[in-house]
Amino acid sequence: MKNFQNPLADRREFLKTSGKAGLAAGLSLTILPALAKEHHKKGHTNLADSIPFHQQPLAYDYKALEPNIDAMTMEIHYTKHAATYAKNLADACAAEHVDTTTATLEGLLAGVSKYTPKMRNNAGGHYNHELFWKCMTPTFAGKPTGQLLAAIERDFTSFDAFKIQFSDAAKARFGSGFAWLVLNGDKKLVIGSTPNQDNPLMDVSDLKGFPVFGLDVWEHAYYLKYQNKRPDYITAWFNVTNWDYIGQRYESMA
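If you want it as structure tokens, here you go:
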């Protein structure tokens, strides 16, 4: 399918050098305490503590993931959908008296049942998207290496078997949501999905654990290029998966 032309008059190019954000999605010590305690004991304190409450710059240009993710989809997804979650999260925090100078987003998600649906939807939407951008890269890696690959082969028998199981979970998520690779409290990798903008850090989620990575299967993530062909999008997404970053996330908690 040919590339879409950008109709937005205010298109901005993000500096490629802005993308060296730290690993910003580690669990706070209030979530999965056994895993987090060992994480700290192993000296992984140089990893970022939490995702900020504001939208971060992309590490790559909108067109960098083509042909797998087209430029218009990336721009609309980032500047419209994800930006709205960040704005609405700020509004919800103000309305519900959350001090974002001391709170962590992970801690907020861990107790999200105490807040309004607006907080749940937008805190989840912001966390999920900030993680999602970092889990993609223009540099094709093919497959993970090191500790993550060993863990995948241990828990799913092979990388190919893992891809099939993960893809099936992403395809089977009815309506909108995310598919996840999660490290649970037993330090076992499990695959699952959550509806809408829920995630495994939430106390309301049936799937719980440390999100090693997540795949956005909302239609706005793929519809312009793939229409209703979600399986084609899932297949293509594995061509831009940032296994280096994902592997570092796993090692930070393994």
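With my numbering applied, the sequence shown corresponds to residues 1067 to 1320, in that order.
Even for Gly, the Cβ is constructed at its ideal location relative to N, Cα and C.
- Item | F1304 versus T1168 - alpha carbon distance | In this structure, the alpha-carbon of F1304 lies about 36 Å from that of T1168.
- Item | I1312 in three-state terms, based on DSSP | I1312 falls in the helix class under three-state DSSP.
- Query: DSSP three-state call for P1297: helix, strand or coil?
  - Reply: Looking at P1297 - three-state DSSP - the assignment turns out to be helix.
- Task: Taking the CB atoms as reference points, tell me whether L1249 and Y1316 lie closer together than 9 Å.
- Result: Yes, the Cβ-Cβ distance between L1249 and Y1316 is below 9 Å.
- Task: Note down the Cα distance separating Y1288 from K1253, rounded to an integer number of angstroms.
- Result: Taking the straight line from one Cα to the other gives about 32 Å.
- Message: Are the CB atoms of L1175 and D1269 within a distance shorter than 9 Å?
- Response: D1269 is a Cβ neighbour of L1175, given a cutoff of 9 Å.
- H1120, buried or exposed, once every other Cβ within 10 Å from all chains shown has been counted against 16: Exposed, by the Cβ-count rule.
- Item | Option nearest H1286 by Cα separation, candidates R1296, K1153, T1182, S1318 | If we check each option's Cα against that of H1286, R1296 comes out closest.
- Item | Straight-line gap, M1038 to Y1292 (C-alpha atoms, nearest Å) | In the structure displayed, the chain extends from 1067 to 1320; residue 1038 sits before or after that span and is not available.
- Item | Per DSSP, the bridge partner or partners of G1280 | DSSP, once it has assigned bridges, lists W1246 as partnering G1280.
- Query: Under the DSSP definition of a beta bridge, which residues are partnered with G1258?
  - Reply: Answer by DSSP bridge pairing, in chain order: W1246.
- Please name the residue, chosen from N1262, L1171, S1224, K1200, that lies closest to T1211 on a Cα-to-Cα basis. For the residues N1262, L1171, S1224, K1200, the minimum Cα distance to T1211 belongs to S1224.
- Grouping DSSP H, G and I as helix and E and B as strand, with all else coil, what is T1307? Strand, per DSSP.
- Over the uninterrupted alpha helix (DSSP H) stretch that includes T1150, give me the two end residues. Segment 1149–1161, the alpha helix (DSSP H) holding T1150.
- Item | Straight-line Cα distance separating A1152 from S1318 | Straight-line spacing of the CA atoms in S1318 and A1152 works out to 26 Å.
- Buried versus exposed, by CB contacts within 10 Å (16 or more), K1274: A residue is called buried when at least 16 other Cβ atoms come within 10 angstroms of its Cβ; K1274 meets this threshold and is buried.
- Measure the Cβ-Cβ separation of H1147 and L1171 and say whether it is below 9 Å. With contacts defined as CB atoms closer than 9 Å, H1147 and L1171 fail to qualify as a contacting pair.
- Item | Rounded distance between the beta-carbons of L1290 and T1145, thought under 8 Å | Between L1290 and T1145 the Cβ distance is about 14 Å, and since that is not below 8 Å, they are no contact.
- Contact check, Q1231 vs F1222 under 8 Å by CB: the rounded distance? The beta carbons of Q1231 and F1222 sit about 6 Å from each other, so the pair counts as a contact at 8 Å.
- Under the rule that 16 or more other beta-carbon atoms within 10 Å means buried, what is N1294, buried or exposed? Exposed is the call here.
- Cα-Cα separation, D1165 to R1186: A straight line joining the alpha-carbon of D1165 with that of R1186 spans about 16 Å.
- Message: DSSP three-state label for M1185, please.
- Response: Three-state result, M1185: helix.
- Rounded C-alpha distance that separates G1190 from A1227: When rounded, the distance between both Cα atoms is 29 Å.
- Task: Could you round the C-beta distance between I1312 and L1214 to whole angstroms and report it? I think they count as a contact, below 8 Å.
- Result: Going by Cβ atoms, the distance from I1312 to L1214 rounds to 7 Å, so yes, they are a contact pair.
- Query: Excluding sequence positions up to five away, which residues of its chain have a Cβ less than 6 Å from the Cβ of S1233?
  - Reply: Closer than 6 Å at Cβ, skipping near neighbours: I1300.
- Message: Does M1268 come out as helix, strand or coil in the three-state DSSP assignment?
- Response: Here M1268 sits in coil by DSSP.
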